[in-house]
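Please read the structure below before turning to the comments.
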Amino acid sequence: MDAGEDDAPPRRRRIGRGWRNALIGVAAASVLLSLVNASWIAAQPPGRLIVVARRGVTQQFAPGSGCETKRMRADPENVYVEDTLPAIYKAARLGADAIEIDVQASADGQAMVFRDADLGCRTNGEGPLRARTLAELKRLDVAWGYSPDGGRTFPLRGRGIGAMPTVEEVLREVPRSELIFRFVRADPAEADALVAALKRAGAATPERFGFEGPPAVTARVRQLVPGAWTFAPRPDGACLADYVRLGWTSWVPASCRGATVAITLADRWKLWGWPYRFLDRLAGAEAKPMMFGEEKDGALVGITDVAQYDKVPAGFRGHLFVEDFYTVGAALRR
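Here it is as structure tokens:
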């Protein structure tokens, strides 16, 4: 008998043992990885759910290009116009914990609440807002451009005359609500106008407010209001990208420490330890999670319907941004 034939069975046994050991090692590593990132054995993270109504109670628009107010979705019962006092107050009454409003300075340095840098789409004015004084802006109708049929009818016209508020008016309308100020423009002087308005209103404490916008503006806010929460949410933020790459080790990347982390519903499947282990790790890194419905054309869009809200874990702790608070606000109280 050939000597090679005598050696064959022991070699096969050694190869078989090698494969078994490799498989056992892979299985053990998988179990360890699962336990390290298991959400079900993690305690619910500290903090609370903070529901954010974007611009208060608002109209919704069909997809498309150009001026969005010509694509308003018809809803005769919803007569609210974004960033106005009735819309902001209604959101607070419906249970919003926080309200995000848009801020920019007028020609005479007043902090105005309005989304567009140009007046032409939503109002009966034209040109940049920054070129108009407070008195001029108060004469405009901010509901002028809203149409459900491409510009044939304008059911909200007249409801927005004199309705563009100042920040001070908003503070008087909802004195206890958390407010998130979204800067429309990238000029650091916008921060000076807003902080001056807060001081005039006696509301300069940073704990109640968040400041969102371009880095140059938020850096100026931090100079004026030390300790202020400032952020610029991005769907491709460094923390999230680094965590997807390294989070399986349970290590929280340095880019997450003290960061504001924007998460969409599509992100949740790729986050190690989602939801509770992940949120607990962020809490340990003093990071603030905020959740949105989706990313669209590079922008973060809040929750728009109840079906999306049902995908948010019941124990989520952080800011949950809601785009259509008129429709889904009542459902956000479990």
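Offset between the sequence shown (1-based) and our numbering: plus 9. For every residue, glycine included, the Cβ atom is placed at its ideal position computed from N, Cα and C. These figures come from a predicted structure and were not determined experimentally.
Under the three-state DSSP convention, the category residue i falls into
i      : result
ARG80  : helix
ALA47  : Any reading at ALA47 must be qualified, since the residue scores a pLDDT of 48, below 50, and its modelled position is unreliable; the value itself is stated next. Correct three-state label for ALA47: coil.
LYS297 : strand
THR227 : helix
ARG326 : coil
VAL88  : coil
GLN53  : coil
PHE163 : coil
PHE240 : strand
VAL337 : helix
LEU233 : helix
Test item: CB-CB of residue i and residue j under 9 Å
i      : j      : result
LEU143 : PHE123 : no
VAL176 : VAL112 : yes
ALA271 : GLY246 : yes
CYS265 : ALA308 : no
MET81  : MET121 : no
ASP196 : ALA225 : yes
PHE240 : THR67  : no
ALA83  : VAL90  : no
LEU274 : LYS320 : yes
LEU207 : PHE218 : yes
Between the CA atoms of residue j and residue i - distance to the nearest angstrom
i      : j      : result
TYR98  : PHE325 : 25 Å
PHE301 : LEU329 : 6 Å
TRP260 : LEU188 : 33 Å
LEU180 : GLY293 : 33 Å
GLY327 : LEU280 : 16 Å
ILE108 : PRO184 : 12 Å
LEU44  : ALA323 : In this predicted model, LEU44 has a pLDDT of only 41, less than 50, meaning its place in the structure is not dependable; the value taken from the coordinates is given anyway. For LEU44 and ALA323, the distance between alpha carbons rounds to 22 Å.
THR162 : LEU149 : 19 Å
ILE170 : PRO242 : 33 Å
VAL35  : ILE59  : Annotation note: pLDDT 45 at VAL35 (below 50); position unreliable, coordinate value reported separately. Taking the straight line from one Cα to the other gives about 41 Å.
LEU94  : GLU182 : 7 Å
ARG277 : MET299 : 12 Å
GLU86  : GLY222 : 33 Å
GLY159 : ALA152 : 15 Å
LEU203 : ASP127 : 19 Å
PRO215 : VAL234 : 7 Å
GLU332 : GLY311 : 5 Å
Contact belief for residue i with residue j at Cβ below 8 Å, rounded distance in angstroms
i      : j      : result
PHE220 : ALA237 : 6 Å
ARG131 : GLY154 : 5 Å
ALA100 : ALA62  : 4 Å
ARG141 : ALA114 : Not really, about 11 Å apart at Cβ, beyond 8 Å.
ARG9   : ILE110 : Here the chain covers residues 10 to 343 and nothing more, so residue 9 does not appear.
Beta-ladder partner(s) of residue i, from DSSP
i      : result
GLY73  : BP columns for GLY73 are empty, so no partner.
GLN113 : MET121
ILE59  : HIS328
THR142 : DSSP, once it has assigned bridges, lists no residue as partnering THR142.
VAL270 : PRO298
ARG191 : ASP111 and GLU221
Chain B within 9 Å of residue i, Cβ atoms only
i      : result
VAL230 : Judged by its chain identifiers, the structure shown contains no chain B, having just a single protein chain.
Residue i: CB within 8 Å of a non-hydrogen atom of the ligand NAD
i      : result
TYR252 : Annotation note on the ligand NAD: not contained in the displayed structure, which lists no ligands.
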